[in-house]
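Residue numbers (this note's numbering): 2 to 522. We put the beta carbon where it would ideally sit given N, CA and C, even for glycine.
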């Protein structure tokens, strides 16, 4: 039970403590109550701090707000804290006296603005409301999920899930990347949004969760009423499209979710947002491999789990990459279903390609393992390669790709189609190169097989917002050059459009030709 103390709490505290048999957490926005044994006190003066604390101990049986004095203040508290009350629990507050419904409506205009989805869910979650002994009591009729970001994991999860159910197995320190990459931007986009010159990377943690954890599509991992940090492709943003996301911190399960099958044992997370997609595997799955050896040493029976797109899917390139990274085939469980596991081990992602960009040193360390296992040195291999793809009508189709290929071929570049090569062949081609040019996209991610690159040239349209190629270059290359052309479809002002991101385009030789010639000299 959570009691937000107000001045009347001096008189009511003993009754609340007795009613709830001493299971009482008291939030004190002001020093309004004396120290009394049998309660847990927490000082907080903002709704943000209060919600963070409630989330760390929730779900709670009741929230009692004796501090908010106005109707707008009370509405804001209810809007934020009601989601943290368990089904069958209560939100309790002193009855508010209003002169008229009109006056109440006017007062409520100054309350916190929330989305229509939140309003609808709050209304649907509210059961019977009764007034009794000077208090309004609203019953909650459904549970909600709290989404925990990676940076908050060890602050919130041990108290929310129970200290015995969350174990820190290891960590890696925060720091700053090398910051000496020479970057130039050419063509139609004069000032692109690019990663910081010296990217700051956070502390990474390796965690074990005990108790049933439900593992679903798109990386979703749910333990009780908690969405675990590994559920989010972008660790800084607590958002998963398989949830009904109500706001940044709260969600509901999708009612159309398939039931889970039980798996015995402990499983290490290798899932990615789009199973079977090379780009997602190398940026998301491989960036979590760093904790495998440590976790496996602690639990020799540990298995890695990777979600595959379908029952009949053959994970050929995934198997090659994971084995090269040190995870043997017999230790990998390939799963296409929603499952529930007894224990779940997850490592923070060492790669972040949206919002806050970073590459933690654990990721290049994994690349080194891949190079050692897959790259075969060859003095006859091409030193300059152009990464192309066959013309299609989807995914950033370049209409004049044949002209572009001819241009680079005339200047000594070998034209490479990564999707037509085995993983071992891709590794050897990129591992022997010193200059890599190519079309933006996951084909360029094979740069990870190169120990060092002199130059990287990226040809893209100006609606392409991903910066993975830049991040690879920040670790591996001396120079990185963007060559921008106009996309057929543009993002709406202030918004993101998937159609624009995947728009067709044509490489603009007029806008880029002079700079391209200079860079290639």
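Check: Which one of 325, 302, 328, 281 has the shortest CA to CA distance from residue 309?
Finding: One-based indexing of the chain shown puts residue 309 at position 308. Just measuring C-alpha positions, the residue of 325, 302, 328, 281 sitting nearest residue 309 is 281.
Next item on the list: Check the DSSP bridge columns for residue 308 and list the partner residues they point to.
Entry: Translated into the one-based positions of the chain shown, residue 308 becomes position 307. Looking at the DSSP output, residue 308 bridges to 336.
Notebook entry, point to check: Terminal residues of the continuous beta strand (DSSP E) containing residue 188?
Noted result: For this step, residue 188 is matched to residue 187 along the chain shown. For residue 188, the enclosing beta strand (DSSP E) covers residues 183-188.
Notebook entry, point to check: Just checking my contact of residue 332 with residue 304 at CB under 8 Å: how many whole Å lie between their CB atoms?
Noted result: Along the chain shown, read from residue 1 onward, the residue named residue 332 stands at position 331. Along the chain shown, read from residue 1 onward, the residue named residue 304 stands at position 303. Sure, about 6 Å apart at Cβ, within 8 Å.
Next item on the list: Would you tell me roughly how many angstroms separate the C-alpha atoms of residue 69 and residue 472, rounded to the nearest one?
Entry: For the purposes of this step, residue 69 is taken as residue 68 along the chain shown, with counting starting at 1. For the purposes of this step, residue 472 is taken as residue 471 along the chain shown, with counting starting at 1. Each residue's alpha carbon lies about 48 Å from the other.
Note to self: Taking the alpha carbon of residue 457 as the reference point, which residue from 475, 411, 116 has its own alpha carbon closest?
What the structure shows: For the purposes of this step, residue 457 is identified with residue 456 of the chain shown, where counting begins at 1. It is 475.
Checklist line | From 496, 508, 481, residue whose alpha carbon lies closest to that of residue 489 | finding: Locating residue 489 in the chain shown gives position 488, counting from the first residue. Closest option to residue 489, Cα to Cα, is 508.
Note to self: Can you give me the C-alpha to C-alpha distance between residue 25 and residue 58, rounded to a whole angstrom?
What the structure shows: In the chain shown, the residue the question calls residue 25 occupies position 24. In the chain shown, the residue the question calls residue 58 occupies position 57. Taking the straight line joining both Cα atoms gives about 11 Å.
Notebook entry, point to check: So, is the C-beta of residue 403 closer than 7 Å to a C-beta in chain D?
Noted result: Protein chains in the displayed structure number just one, and chain D is not present.
Margin query: I believe residue 147 touches residue 85 by the beta-carbon criterion, under 8 Å. Please report the beta-carbon distance rounded to the nearest angstrom.
Written below: Stepping through the chain shown from its first residue, residue 147 is reached at position 146. Stepping through the chain shown from its first residue, residue 85 is reached at position 84. Right, their Cβ atoms sit about 7 Å apart.
Item checked: Assigned secondary structure, residue 283 (DSSP; H/G/I helix, E/B strand, else coil) -> Numbered from its first residue, the chain shown carries residue 283 at position 282. Secondary structure of residue 283 (DSSP, three-state): helix.
Check: So is residue 9 buried or exposed if we call it buried at 16+ other beta carbons inside 10 Å?
Finding: Numbered from its first residue, the chain shown carries residue 9 at position 8. Its Cβ having fewer than 16 others within 10 Å, residue 9 is exposed.
Next item on the list: Kindly indicate the opening and closing residues of the beta strand (DSSP E) around residue 209.
Entry: Position 208 of the chain shown, counted from the start, is the residue given in the question as residue 209. Counting along the chain, the beta strand (DSSP E) containing residue 209 begins and ends at 205-216.
Note to self: Please return the same chain residues whose Cβ sits closer than 7 Å to the Cβ of residue 132, not counting the five positions on each side in sequence.
What the structure shows: Taking the first residue of the chain shown as 1, we reach residue 132 at position 131. Residues of the same chain with a CB within less than 7 Å of the CB of residue 132, apart from the 5 flanking positions on each side, are 96 in chain order.
Notebook entry, point to check: residue 65 by DSSP, collapsed to three states: which one?
Noted result: Within the chain shown, the letter at position 64 stands for residue 65. DSSP places residue 65 in strand when its eight states are reduced to three.
Notebook entry, point to check: Helix, strand or coil for residue 149 per DSSP?
Noted result: Taking the first residue of the chain shown as 1, we reach residue 149 at position 148. The three-state reading of DSSP puts residue 149 in coil, since its state is none of H, G, I, E or B.
Note to self: Using only CA atoms, which one of 365, 447, 349 lies nearest to residue 387?
What the structure shows: For this step, residue 387 is matched to residue 386 along the chain shown. The shortest C-alpha separation from residue 387 is found at 447.
Check: Between which two residues does the beta strand (DSSP E) containing residue 461 stretch?
Finding: For the purposes of this step, residue 461 is identified with residue 460 of the chain shown, where counting begins at 1. It spans 454-462 - the beta strand (DSSP E) in which residue 461 sits, taken as one unbroken run.
Check: Taking buried to mean at least 16 other C-beta atoms within 10 Å of its own C-beta, is residue 173 buried or exposed?
Finding: In the chain shown, the residue the question calls residue 173 occupies position 172. Answer is buried; the Cβ neighbour count reaches 16.
Next item on the list: Excluding the 5 residues preceding and the 5 following residue 275 in the sequence, name in chain order all residues of the same chain whose CB lies nearer than 7 Å to its CB.
Entry: The residue labelled residue 275 in the question sits at position 274 within the chain shown. Here the set comprises 281.
Note to self: Taking the beta carbon of residue 418 as the centre, do at least 16 other beta carbons fall within 10 Å, making it buried, or is it exposed?
What the structure shows: Taking the chain shown and counting its residues from 1, the one referred to as residue 418 is at position 417. So residue 418 counts as exposed.
Next item on the list: Keeping to the same chain, check which residues put their C-beta closer than 6 Å to that of residue 485; ignore five residues upstream and five downstream.
Entry: Residue numbering aside, residue 485 sits at position 484 when the chain shown is read from its first letter. If you ignore the 5 residues before and after residue 485, its C-beta comes within less than 6 Å of the C-beta of 188, 189, 190, 463, all in its own chain and listed in chain order.
Margin query: Restricting to Cα atoms, I'd like to know which of 197, 264, 271 is closest to residue 232.
Written below: For the purposes of this step, residue 232 is identified with residue 231 of the chain shown, where counting begins at 1. Looking only at 197, 264, 271, the smallest Cα-Cα distance to residue 232 is reached by 271.
Checklist line | Cβ-based neighbour list, residue 521, same chain, cut-off 7 Å, excluding 5 preceding and 5 following | finding: Mapped onto the chain shown, residue 521 falls at position 520. Around residue 521: 412.
Note to self: Looking at residue 162: is its Cβ nearer than 7 Å to the Cβ of residue 207?
What the structure shows: By 1-based counting over the chain shown, the position of residue 162 is 161. By 1-based counting over the chain shown, the position of residue 207 is 206. Taking 7 Å as the Cβ cut-off, residue 162 and residue 207 do not qualify as a contacting pair.
Next item on the list: Give the secondary structure of residue 387 by DSSP, where H, G and I count as helix, E and B as strand, and everything else as coil.
Entry: Locating residue 387 in the chain shown gives position 386, where the first residue counts as 1. Note: residue 387 maps to strand in three-state DSSP.
Notebook entry, point to check: Mind checking residue 367: buried by the 16 CB within 10 Å criterion, or exposed?
Noted result: Position 366 of the chain shown holds residue 367. Classification of residue 367: buried, given that the 10 Å Cβ count is 16 or more.
Next item on the list: Whole angstroms is fine: what's the gap from residue 46's alpha carbon to residue 5's?
Entry: As a first step, residue 46 is located in the chain shown; it is residue number 45 there, counting from the start. As a first step, residue 5 is located in the chain shown; it is residue number 4 there, counting from the start. For residue 46 and residue 5, the distance between alpha carbons rounds to 10 Å.
Item checked: Beta-carbon spacing of residue 213, residue 341 below 7 Å -> In the chain shown, counting from the first residue as 1, residue 213 sits at position 212. In the chain shown, counting from the first residue as 1, residue 341 sits at position 340. Going by C-beta atoms, residue 213 is nearer than 7 Å to residue 341.
Notebook entry, point to check: Three-state secondary structure (DSSP) at residue 392?
Noted result: Start at 1 with the first residue of the chain shown, and residue 392 comes out as number 391. Three-state DSSP puts residue 392 in coil, outside helix and strand.
Margin query: On the DSSP letters alone, give me the boundaries of the alpha helix (DSSP H) that residue 48 sits inside.
Written below: Taking the first residue of the chain shown as 1, we reach residue 48 at position 47. For residue 48, the uninterrupted alpha helix (DSSP H) run begins and ends at 48-58, by DSSP.
Notebook entry, point to check: How should residue 201 be labelled, buried or exposed, when 16 other C-beta atoms within 10 angstroms of its C-beta is the threshold for buried?
Noted result: Residue mapping note: residue 201 aligns to position 200 of the chain shown, counting from 1. Exposed, by the Cβ-count rule.
Next item on the list: Mind reading off the beta-carbon distance from residue 237 to residue 353? Whole number of angstroms is fine, and I expect it under 8 Å.
Entry: As a working note, residue 237 is residue 236 in the chain shown. As a working note, residue 353 is residue 352 in the chain shown. Contact between residue 237 and residue 353 holds: their C-beta atoms lie close to 7 Å from each other, under 8 Å.
Next item on the list: State the CB to CB distance for the pair residue 267 and residue 181, rounded to an integer number of angstroms; the pair is presumed to be in contact (CB under 8 Å).
Entry: Counted from its first residue, the chain shown places residue 267 at position 266. Counted from its first residue, the chain shown places residue 181 at position 180. Not really, about 41 Å apart at Cβ, beyond 8 Å.
Notebook entry, point to check: With distances taken from CA atoms, which of 477, 465, 511, 513 is nearest residue 491?
Noted result: For this step, residue 491 is matched to residue 490 along the chain shown. Nearest option by C-alpha distance: 465.
Check: For residue 516, which residues of its own chain have a beta-carbon under 6 Å away from its beta-carbon, when the five flanking residues on both sides are left out?
Finding: The sequence position of residue 516 within the chain shown is 515, counting from 1. Within the same chain, 187 come within 6 Å of residue 516 by CB-CB distance, once the 5 residues on both sides are set aside.
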